[in-house]
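Residue numbers (my numbering), protein chains in the order written: chain E, 15 to 206; chain G, 15 to 206.
To keep things clear, I will list the structure first and then write my remarks on it.
2 protein chains.
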Amino acid sequence: MPRSDQSQTAILGALSIAPMTGYALREAIRDTLGHFWSESFGQIYPALAELERNGLIERREVASGGAGKFGITAAGTARLRELLAEPPQASKPRNGLLLRLFFGAQLGPGACRELVLEAREQAEGALTQMADARRQLAGDSALAEAAPYIGLTIAAGEHSARATIAWADETLAELSRLEFSAARSASGLPLP
Amino acid sequence: MPRSDQSQTAILGALSIAPMTGYALREAIRDTLGHFWSESFGQIYPALAELERNGLIERREVASGGAGKFGITAAGTARLRELLAEPPQASKPRNGLLLRLFFGAQLGPGACRELVLEAREQAEGALTQMADARRQLAGDSALAEAAPYIGLTIAAGEHSARATIAWADETLAELSRLEFSAARSASGLPLP
DNA sequence: CGCTACATGTAAGGTGTTACATGATTCC
DNA sequence: GGAATCATGTAACACCTTACATGTAGCG
């Protein structure tokens with residue numbers, strides 16, 4: 015129920031795929047879960063400490079002297095299943111772009127146009143990142159069991175990005191019309 | 015730059031459309047901006063107090079004895095334009111559904127299926143809400159100037175909801191295949 | 001007269017981010 | 001030897017949510 019449980023879910027989940035150092039975990043969450051999840055650095059270590067205290071993960075020292083990795087325990091796997099079974103809690107939306115567009119009359123069509131263009135570019139970037147992720151997924155045999163599920167999350171990202179692009183194109187056209195009619199009324203021509 | 019500026023943007027923006035009590039503001043933010051924005055109750059009054067202290071809004075008492083409404087001042091309108099011109103800051107994503115699907119191998123296809131079905135239903139609900147919003151927008155003459163821009167945000171919600179539905183349908187099909195092949199391998203039949 | 005909705009606020013507690021501090025290892 | 005990266009943490013602060021406290025207005 016509490017929010018911090020969600021952090022634990024993400025961490026236990028990541029460690030259920032492979033043991034990792036805290037540092038690697040941070041990178042994995044940023045790079046692999048990044049499209050739909052984020053944990054700030056300052057949360058990971060405290061969360062790891064608590065998970066270890068509760069016996070859900072354990073440090074596995076390495077003979078070669080390098081830093082030890084955290085691995086999930088049997089209790090940790092059980093807890094992960096419990097956590098995953100809880101209903102997902104939607105995070106409160108805060109979309110700065112749409113907020114600005116909503117009050118776009120204050121901002122003018124030109125500035126809105128730029129905002130939308132930037133969002134479109136970001137979505138294009140997301141699309142190529144998704145393609146990369148798919149390629150990586152196909153080539154990583156450690157992920158064989160998880161791959162079909164990971165593919166579903168990549169598909170979600172692709173659908174979302176394509177929807178953003180389609181919306182942006184419509185919106186740019188509409189903004190052009192608004193800009194045009196604003197210019198026309200400013201120059202004193204009659205409205206149709 | 016700070017996050018709280020975004021709250022002020024939302025509040026000033028709402029008051030730029032019509033003067034309101036704090037209570038009405040909360041409802042407006044929940045009902046009208048709800049698809050892409052949220053402010054918690056406990057933020058609104060402190061933010062209003064600060065905006066009033068800075069002369070960006072003012073209380074307008076009503077002769078009829080009812081509660082006074084907050085109205086935006088000229089300085090407030092100027093500040094709103096400033097705030098809107100700042101680059102939007104993307105909120106960190108935290109999608110509980112995709113987190114669960116990512117680790118879906120731990121959860122099994124059946125449970126995933128239910129999660130996706132629920133997400134699909136929510137998206138359908140969003141779609142009908144958007145239709146309502148469009149109808150309301152067309153009928154409210156106070157919004158005439160803002161209407162084209164508000165329409166853009168509604169379109170964003172529609173695109174997003176349709177993308178979710180399309181993804182969900184694909185995903186449900188894929189999950190059925192996973193379920194089927196899991197059952198087949200459990201019953202000892204050979205894989206193709 | 002009591003219920004519901006309107007209206008304004010505060011305080012406690014939880015969450016999340018940032019910047020800082022520290023040190024080991026690796027590579028040039 | 002010095003720089004970059006890996007690695008682990010902490011502490012201060014900003015932020016948000018929730019629950020509570022309080023009172024008014026209107027209505028059945």
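Yeah, the Cβ is synthetic: ideal placement off N, Cα and C, and Gly gets one too.
* **Three-way DSSP call (helix, strand, coil) for Gly122/G in this model** => coil
* **Three-state secondary structure assigned by DSSP to Phe50/G** => coil
* Please go through the same chain and pick out, in chain order, the residues whose beta-carbon is closer than 6 Å to the beta-carbon of Lys83/E, but skip the five residues on each side of it. => Pro33, Met34, Thr35, Arg74
* To do: Measuring only between beta-carbons, confirm whether Asn109/G sits less than 8 Å from chain E.
  => yes
* Can you tell me which of Ile31/E, Gln22/E, Ser21/E puts its alpha carbon nearest to the alpha carbon of Ser155/E? => Ile31/E
* To do: Can you give me the Cβ contacts of Thr23/G inside the same chain, cut-off strictly under 8 Å, excluding the 5 residues immediately before and after it?
  => Leu94, Leu97, Leu98
* Nearest-angstrom Cα separation, counted from Ser52/E out to Met15/G -> Note on Met15/G: pLDDT 48, under 50, position unreliable in the model; the coordinate value appears next. Near 20 Å, if we compare the C-alpha coordinates of Ser52/E and Met15/G.
* To do: Reducing DSSP to helix, strand and coil, say where Leu189/E ends up.
  => helix
* Asked: For the beta strand (DSSP E) that contains Arg74/G, what are its first and last residues?
  -> 71-74
* Alpha-carbon to alpha-carbon, Ser199/G and Arg108/E -> 44 Å
* What residues match up with Gly85/G in a beta bridge as DSSP calls it? -> Glu72/G
* Any C-beta of chain E sitting closer than 8 Å to the C-beta of Glu159/G? -> yes
* Asked: Within this structure, are the beta carbons of Ile58/E and Ile71/E separated by less than 8 Å?
  -> no
* Verify the CB distance criterion: does Pro102/E have a CB-CB separation below 8 Å to chain G? => yes
* Taking only the alpha-carbon atoms, compute the straight-line gap between Asp183/E and Gly153/G and give it to the nearest angstrom. => 27 Å
* Residues in the segment 18-39 of chain G with C-beta within 7 Å of chain E's C-beta atoms, listed in sequence order? -> Gln20, Thr23, Ala24, Gly27, Ser30
* To do: Give a yes or no on whether the C-beta atoms belonging to Tyr163/E and Gly48/G are separated by under 8 Å.
  => no
* Asked: Would you say Pro60/G faces chain E, with C-beta separation under 8 Å as the test?
  -> no
* Below 7 Å CB to CB, which residues in the same chain sit around Gly27/G once its five sequence neighbours on both sides are set aside? => Leu94
* Asked: Are Leu166/E and Leu115/G touching if we call contact CB-CB under 8 Å?
  -> yes
* To do: Step through the CB atoms of chain E and report whether any lies within less than 8 Å of the CB of Ala177/G.
  => yes
* Asked: Counting pairs of Cβ atoms below 8 Å between the segment 185-193 of chain E and the segment 180-196 of chain G, do you hit three or more?
  -> no
* Grab the span of the alpha helix (DSSP H) containing Pro60/E for me, first residue to last. => 55-67
* Is there at least one Cβ from chain G nearer than 8 Å to Ala187/E's Cβ? -> no
* Determine whether the Cβ of Ser105/G lies closer than 8 Å to any Cβ atom of chain E. => yes
* Does the separation of the CB atoms of Leu209/G and Phe50/E fall below 8 Å? -> This structure cannot speak to residue 209/G, because chain G is shown only from 15 to 206.
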